[in-house]
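For the sequence shown, the residue numbers in our numbering are 10 to 335. Quick reminder that beta carbons are idealized off the backbone N, C-alpha and C, glycines included. Quantities reported herein were computed from a predicted structural model and do not represent experimental measurements.
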Amino acid sequence: MTARGWFLFSLMGVVWGIPYLLIKVAVDAPLSPSMVVFTRCALGAALLLPFAIRQGGLPATVRTHWRPMLAFACIEIIGPWWTLTDAERHLSSSTAGLLIAGVPIVGVALARFFGETERLGVRRVVGLGLGLAGVGVLTVPHLTGGDARSLAEVLVTVIGYATAPLIAARYLKAVPTLQLIAPCLALAALVYAPAAAMTWPSTMPSASVLTALATLGVVCTAVAFVAFLELIKEAGPTRATVFTYVNPAVAVAAGAIFLSEPLTATILAAFTLILAGSVLATASGAGAATRRPVLGHPEGRVLAKRLRRGPEPRSDRPDRDEARAR
Numbered sequence: 010m011t012a013r014g015w016f017l018f019s020l021m022g023v024v025w026g027i028p029y030l031l032i033k034v035a036v037d038a039p040l041s042p043s044m045v046v047f048t049r050c051a052l053g054a055a056l057l058l059p060f061a062i063r064q065g066g067l068p069a070t071v072r073t074h075w076r077p078m079l080a081f082a083c084i085e086i087i088g089p090w091w092t093l094t095d096a097e098r099h100l101s102s103s104t105a106g107l108l109i110a111g112v113p114i115v116g117v118a119l120a121r122f123f124g125e126t127e128r129l130g131v132r133r134v135v136g137l138g139l140g141l142a143g144v145g146v147l148t149v150p151h152l153t154g155g156d157a158r159s160l161a162e163v164l165v166t167v168i169g170y171a172t173a174p175l176i177a178a179r180y181l182k183a184v185p186t187l188q189l190i191a192p193c194l195a196l197a198a199l200v201y202a203p204a205a206a207m208t209w210p211s212t213m214p215s216a217s218v219l220t221a222l223a224t225l226g227v228v229c230t231a232v233a234f235v236a237f238l239e240l241i242k243e244a245g246p247t248r249a250t251v252f253t254y255v256n257p258a259v260a261v262a263a264g265a266i267f268l269s270e271p272l273t274a275t276i277l278a279a280f281t282l283i284l285a286g287s288v289l290a291t292a293s294g295a296g297a298a299t300r301r302p303v304l305g306h307p308e309g310r311v312l313a314k315r316l317r318r319g320p321e322p323r324s325d326r327p328d329r330d331e332a333r334a335r
């Protein structure tokens, strides 16, 4: 990977690792979750929509793909961003960031329901087990009082974050990323505008809260998506997503430095287990390259017919066989 690629990789590791800190600052102000989500989506949409419109064909894209785009918006943004923000009213930003690290693990499990036929293998199963153990180590101390609801909200967020990319990969491959993200952010802003208006703060938030909201909307939403697109072009889609393993470490460090959140042995153990589990569960094993087609799949049915038919007999015309081979 080039120096530019490493720069983008490092940038993404930070800009999608600090939202938990910024959300915590906003909800402790206190601002309502609806207000925080509305501000983030409105700022992101305002910055990205002009670029999406400039690409041309945005109305046609929305008309053609509105159903999967609506599903993506609800599952990736409208639902998870509110549940995560509401959960951080009771959970530390470090805990929220670590729990979100379980997204790759849930994604591996959910991929089976989206037509993924690759066998998990021992390594990936061990990874799933390690990741779930890390989540258990982190959540058990919070299973009392009001934290149980917050944990459930983070679980909803994790499932949404794991499901939405599968929808995008299967149904939205032909949609340019800006033309996917910008309308989804605009829709989310419209959805939360009434609730944000009803919970609008009576006094102007402090400068630190306004800075957190601006950074959340501009850097962690708009700029982050642009940087992610450039990283995909530079390093490819597979290596580009590896930065998600850096995000939890950034979330924990930011919470400890800026919010004085405790950095306990339990958090370190959970982080180690979740990180190791995510790497193992999402790693492509040697069997991936030699994966056989499923017989229920069209490709598999063609293979089955060829096996039953046996090798084609050679004719007495070598030139005809050569043309058929070509």
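In angstroms, rounded to a whole number, what distance separates the CA positions of residue i and residue j?
{"i": "Val115", "j": "Pro192", "result": "26 Å"}
{"i": "Leu219", "j": "Arg133", "result": "43 Å"}
{"i": "Gly14", "j": "Thr212", "result": "43 Å"}
{"i": "Glu97", "j": "Ala105", "result": "7 Å"}
{"i": "Val163", "j": "Ser19", "result": "25 Å"}
{"i": "Tyr29", "j": "Ile62", "result": "30 Å"}
{"i": "Val24", "j": "Ala233", "result": "6 Å"}
{"i": "Val261", "j": "Leu67", "result": "39 Å"}
{"i": "Pro39", "j": "Leu57", "result": "28 Å"}
{"i": "Ala204", "j": "Pro42", "result": "9 Å"}
{"i": "Arg76", "j": "Leu139", "result": "36 Å"}
{"i": "Cys83", "j": "Ile190", "result": "12 Å"}
{"i": "Phe194", "j": "Met21", "result": "The question names Phe, yet the displayed sequence has Leu at residue 194. Their Cα atoms are separated by approximately 19 Å."}
{"i": "Ala110", "j": "Asn256", "result": "8 Å"}
{"i": "Ile276", "j": "Ala69", "result": "48 Å"}
{"i": "Ala298", "j": "Ala118", "result": "Note that Ala298 scores 42 on pLDDT, short of 50, meaning its location in the model is unreliable; the coordinates nonetheless yield the value given after this. Computed Cα separation, rounded: 20 Å."}
{"i": "Ala171", "j": "Arg179", "result": "13 Å"}
{"i": "Cys229", "j": "Val131", "result": "36 Å"}
{"i": "Val268", "j": "Ala258", "result": "Before going on, a small fix: residue 268 reads as Leu here, not Val. If I take the Cα positions, the gap works out to 15 Å."}
{"i": "Ser215", "j": "Asp156", "result": "27 Å"}
{"i": "Gly286", "j": "Ile176", "result": "23 Å"}
{"i": "Leu17", "j": "Val288", "result": "20 Å"}
Whose C-alpha, out of the options, is nearest the C-alpha of residue i?
{"i": "Ala183", "options": "Glu85, Thr73, Ser19", "result": "Thr73"}
{"i": "Thr264", "options": "Ile27, Leu20, Met207, Thr208", "result": "Per the sequence shown, residue 264 should be read as Gly rather than Thr. Taking only the C-alpha atoms, the option nearest Gly264 is Ile27."}
{"i": "Ala279", "options": "Val149, Ser215, Leu222", "result": "Val149"}
{"i": "Ala206", "options": "Val235, Thr230, Met44", "result": "Met44"}
{"i": "Leu107", "options": "Leu199, Val146, Phe237, Val36", "result": "Val146"}
{"i": "Ser101", "options": "Leu277, Pro271, Val131, Arg158", "result": "Pro271"}
{"i": "Ala12", "options": "Ser215, Ser103, Leu240", "result": "Leu240"}
{"i": "Leu31", "options": "Ile86, Ala236, Leu222", "result": "Leu222"}
{"i": "Ala231", "options": "Ser215, Ile176, Ile266, Leu187", "result": "Leu187"}
{"i": "Lys33", "options": "Phe122, Ala285, Leu175, Thr224", "result": "Thr224"}
{"i": "Phe60", "options": "Leu93, Gly136, Val235", "result": "Val235"}
{"i": "Thr281", "options": "Gly136, Ala120, Ser269, Glu243", "result": "Gly136"}
{"i": "Ala120", "options": "Trp90, Ala173, Ala80", "result": "Ala173"}
{"i": "Pro89", "options": "Phe47, Val71, Ala54, Leu52", "result": "Phe47"}
{"i": "Leu52", "options": "Trp91, His99, Ala197", "result": "Ala197"}
{"i": "Val167", "options": "Ser215, Val112, Ala80, Glu243", "result": "Val112"}
{"i": "Pro349", "options": "Val36, Arg158, Phe16", "result": "The structure shown has nothing for residue 349, since the chain only spans 10 to 335."}
{"i": "Thr273", "options": "Leu141, Val144, Thr92, Ser103", "result": "Ser103"}
{"i": "Ile283", "options": "Gly143, Val227, Leu93", "result": "Gly143"}
So within the region 124-201, which uninterrupted alpha helix (DSSP H) runs reach at least 4 residues, ignoring any that extend past its ends? Here the runs fully enclosed are 130-148, 156-180.
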